[in-house]
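Structure first, commentary second.
Put into structure tokens, the structure is as follows:
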């Protein structure tokens, strides 16, 4: 009976109810879409970082990441890589020599990270070839080729096929330098990364660095991020004495972005729902005040306070729930469309890429987030019902019946 | 000896007790027995509605107390009092006061639903009462689709449905035309006789007063007369 009364009551003032239902729909749509947008943006950033820069797991000598000294290479690096490569949970793995050094041209110089890579393996791991905007990927027949970013090229006023000098400290701490010919230019969505990373073949740099056939980093890309903890534990057991870190540990700022982003979207949603709640409180308050006499009559007839409270609560729930399906459908439709087409912010690509974000965002909503949104909506309904219900409970039946 | 249903002792309702006290009711004693058909009359402001509210547990007396079937309702608080009203007292208000979003049938069922009566019993009682009030064909009509008289008949049926100890009716015919008022009175008198239901009215309406078996007159919050009008005495035998 309470359900019947509450559901019919919301249609007593059609215009007012429709206004609130529309507000709920729009609010919910905006909230869900905003959440999906942020989620998509962060997910893309993380995916890009994993697939293009960090990989899921990295293996190093325990001392290597403290100062990035070449002498701390993986003693059985290539053997380790062979074993890792056979694991079915691993999508791709590659060995690297990472050296902090300097690149110089006639116009200037810049501090960089020299990535000595295995061209075929690196291609599987980070799709470096796919990021090339000009020139050709490493040629196995040629030596001393370098791939640098378009941004660095401009900064150093270099051109394709021109030579540049790389300088760094070798294993013994002596300065080593060599000329490399620019074979390709790349561009990612992360400007700071582009600014500071160049790629050469590992075979062109290992001897120069004084560690022939050695590697000081193994990057591992898993079949799925869900396998992260399991695989990391497994590798730690298999290769004791090697530092094995996952992407969250390697780039804690990225992990922080994920958790802060998660909190941010809920704060946004909370603000939207709070604004909605005030509208609903106002509507329900009006409904209670307009029906003072009726509520007094219900109290007089013997409807207890709990039932009166439940009636107001149900009315508020129905009012909100009536707006939910439309808002949810609208949100899913917009997410569905933009998930395929993406939202293009190319006009602001410089701003986005300077923070490592792609300028085309693909919104995405997880089922966990959807469940949390729905719980927040229910909480909003409860919160919005409290004040009008409290007002109704304060009514004196004798006084109310006079109105 | 007839069973006492309502027993009001030394009832007073005083407003502005601390400044200049205004007595809405002044030391009223009242005993009403089962099966009575009582009208409370008096000019506006004489305390009729206040007395009815006290008897119905809708208002708290400043002094005195009310016993319903031996229960001192003045001592009951909150939901205890609401539950007592639910199970013992039927109300008919001046302005119909049906639940606008429910049909005639649902309005009649309403109190029984609150009492959690078995569905079968409710169905049977609703049919019985709808027949009694002559609105069997309006079963699914909402209040706005019924005339004032029809709405008031539904209100009477709703009050009667759970078979309360007595029915309090605050000016039940005040907004009705003479034909509707007459119909309503006939129904109430019939139910009073057939179900031995106790009715207590507050009224200005001479038609109600003429049909009442007992008439209590209030003036300035005091009972100034408590009589059975002669006009009613011989009419009682020929209730339509």
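Protein chains in written order, with the UniProt record's numbering: chain Y, 1 to 403; chain F, 1 to 240.
Beta carbons: idealized from backbone N, C-alpha and C, even for Gly.
Predicted model, so just to flag it, every value in this text is computed and none were measured.
Tell me whether residue i sits in a helix, a strand or coil according to DSSP, three-state version.
| i | result |
| --- | --- |
| residue 102 of chain F | coil |
| residue 59 of chain Y | strand |
| residue 230 of chain F | Low per-residue confidence applies at residue 230 of chain F: pLDDT is 49, beneath 50, and the placement is therefore not dependable, though the value from the model is reported in the following sentence. Residue 230 of chain F: helix per DSSP, three-state reduction. |
| residue 122 of chain F | helix |
| residue 64 of chain Y | helix |
| residue 491 of chain Y | In the structure displayed, chain Y extends from 1 to 403; residue 491 of chain Y sits before or after that span and is not available. |
| residue 133 of chain Y | strand |
| residue 178 of chain Y | strand |
| residue 217 of chain Y | strand |
| residue 3 of chain Y | helix |
| residue 189 of chain Y | coil |
| residue 145 of chain Y | strand |
| residue 460 of chain Y | The structure shown does not extend to residue 460 of chain Y, since chain Y spans only 1 to 403, so no value can be given for it. |
| residue 401 of chain Y | helix |
| residue 139 of chain Y | coil |
| residue 204 of chain F | coil |
| residue 91 of chain Y | strand |
| residue 120 of chain Y | helix |
| residue 15 of chain F | strand |
| residue 239 of chain F | Low confidence applies here, because residue 239 of chain F scores a pLDDT of 38, under 50, leaving its location unreliable; read the following figure in that light. It is coil, neither helix nor strand. |
| residue 211 of chain F | helix |
| residue 259 of chain Y | helix |
| residue 103 of chain Y | strand |
| residue 205 of chain Y | helix |
| residue 55 of chain F | helix |
| residue 410 of chain Y | The displayed coordinates of chain Y run from 1 to 403. Any statement about residue 410 of chain Y would go beyond what the structure contains. |
| residue 236 of chain Y | helix |
| residue 69 of chain Y | coil |
| residue 26 of chain F | strand |
| residue 116 of chain F | coil |
| residue 191 of chain F | helix |
If residue i and residue j are in contact, beta carbons under 8 Å, what's the gap, nearest whole angstrom?
| i | j | result |
| --- | --- | --- |
| residue 54 of chain Y | residue 250 of chain Y | 6 Å |
| residue 10 of chain F | residue 80 of chain F | Incorrect: roughly 23 Å between the Cβ atoms, too far for contact. |
| residue 404 of chain Y | residue 77 of chain Y | Chain Y is shown from 1 up to 403; residue 404 of chain Y falls before or after that span and cannot be answered. |
| residue 242 of chain Y | residue 126 of chain Y | About 21 Å; that fails the 8 Å criterion. |
| residue 270 of chain Y | residue 24 of chain Y | About 15 Å separates the two Cβ atoms, so there is no contact after all. |
| residue 216 of chain F | residue 5 of chain Y | Going by Cβ atoms, the distance from residue 216 of chain F to residue 5 of chain Y rounds to 36 Å, so no, they are not a contact pair. |
| residue 185 of chain F | residue 207 of chain F | 7 Å |
| residue 17 of chain Y | residue 26 of chain Y | So it is not a contact: roughly 15 Å between Cβ atoms. |
| residue 155 of chain Y | residue 196 of chain Y | Contact flag wrong, Cβ pair sits at about 11 Å. |
| residue 199 of chain Y | residue 147 of chain Y | 4 Å |
| residue 312 of chain Y | residue 392 of chain Y | 5 Å |
| residue 5 of chain F | residue 68 of chain F | 7 Å |
| residue 88 of chain F | residue 297 of chain Y | Contact doesn't hold; Cβ gap of about 17 Å is too wide. |
| residue 12 of chain Y | residue 154 of chain F | Contact doesn't hold; Cβ gap of about 19 Å is too wide. |
Go ahead and label residue i buried or exposed: buried means 16 or more other beta carbons lie within 10 angstroms of its beta carbon, across all protein chains shown.
| i | result |
| --- | --- |
| residue 64 of chain Y | buried |
| residue 183 of chain F | buried |
| residue 419 of chain Y | Residue 419 of chain Y lies beyond the residue range present for chain Y, which begins at 1 and ends at 403; the question has no answer from this structure. |
| residue 106 of chain Y | exposed |
| residue 173 of chain F | buried |
| residue 421 of chain Y | This structure gives no information on residue 421 of chain Y, because the portion of chain Y shown stretches from 1 to 403. |
| residue 192 of chain Y | exposed |
| residue 367 of chain Y | exposed |
| residue 267 of chain Y | exposed |
| residue 58 of chain Y | buried |
| residue 204 of chain Y | buried |
| residue 198 of chain F | buried |
| residue 282 of chain F | What the structure shows of chain F is the stretch from 1 to 240, and residue 282 of chain F is not part of that stretch, so it cannot be assessed. |
| residue 304 of chain Y | buried |
| residue 179 of chain F | exposed |
| residue 108 of chain Y | exposed |
| residue 188 of chain Y | buried |
Taking the DSSP output, what are the residues bridged to residue i?
| i | result |
| --- | --- |
| residue 115 of chain Y | Y:98 and Y:199 |
| residue 37 of chain F | F:199 |
| residue 241 of chain F | In the structure as shown, chain F starts at 1 and stops at 240, and residue 241 of chain F therefore has no counterpart that could be examined. |
| residue 245 of chain Y | Y:58 |
| residue 74 of chain Y | Y:215 |
| residue 163 of chain Y | Y:181 |
| residue 222 of chain Y | Y:90 |
Show which residues of chain C have a CB atom less than 8 Å away from the CB atom of residue i.
| i | result |
| --- | --- |
| residue 16 of chain F | No chain C is present in this structure, whose protein chains are Y and F. |
Practice prompt. Please go through the UniProt domain "ABC3 transporter permease C-terminal" (266 to 397) of chain Y and give each complete alpha helix (DSSP H) segment of 4 or more residues, from N-terminal end onward.
Written response: If you keep only unbroken alpha helix (DSSP H) runs of at least 4 residues inside the UniProt domain "ABC3 transporter permease C-terminal" (266 to 397) of chain Y, you get 292 to 301, 305 to 341, 349 to 354 and 367 to 393.
Review point. What are the uninterrupted segments assigned as beta strand (DSSP E) that are 3 or more residues long and contained completely in the stretch 6 to 56 of chain Y, given in chain order?
Key: none
Length at least 4, wholly inside the stretch 118 to 183 of chain F: the alpha helix (DSSP H) runs in chain order | Complete alpha helix (DSSP H) runs here, min 4: 119 to 133 and 148 to 160.
Segments of 3+ residues assigned as beta strand (DSSP E) that fall wholly inside the stretch 57 to 98 of chain F:
63 to 68 and 89 to 92
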